[in-house]
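Single-structure report; data block below.
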Amino acid sequence: MGVNPALLDAYTYSYNSFRANSGFNSVEQEVVFLSVAYENNCEYCMAAHSFVGDMMSKVPTEVTNAIRDNKQVPDTKLAALSKLTRSLTANRGHVSQAEVDDFLAIGYTEAHVLSIVTGIAVKTLSNYSNHLTNPVVDVPFAGRIWKK
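With numbering that gives the first Met the number 0 applied, the sequence shown covers 0 to 147.
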């Protein structure tokens, strides 16, 4: 990203704004990022956000591993968040009203739906950049290397 200031600025600003203004706590933010990275098949981001989830955001390992392994997330609210995030990512924003209603019924708001869109945008910038540049997974993330 560093070779393109427009990309780097867009990513940095959007990432920081998502972290500060999404309305999601740090665990929920990692669930969004991991779910997008899964759908976009970004091996680097899956390793990095698994590590961040484990060490910084304190995402329960069983939640992170469920997303990584395409299994049911063992927390109802986080499962709903991951499910809608993955569907929005995979379907490029086209989801049914029933999917949105299921998400809202679990206790989230319409503002949260739009925050997912922001999280998708942030991670898509990163995921696509990684697809093009094929970065080597950093040593600290090596214990969380992932392949779909």
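Idealized CB from N, CA, C, for every residue including glycine.
| Asked | Found |
| --- | --- |
| Exposure of residue 106, with buried meaning 16 or more beta-carbon neighbours within 10 Å | exposed |
| Residue from 42, 40, 32, 88 whose Cα sits closest to the Cα of residue 62 | 32 |
| Reduced DSSP secondary structure (H/G/I, E/B, other) of residue 4 | helix |
| Sequence-distant residues of the same chain with beta carbon closer than 8 Å to residue 108, five excluded per side | 22 |
| Sub-8 Å separation of residue 27 and residue 48 beta-carbons | no |
| DSSP-derived helix/strand/coil call for residue 111 | helix |
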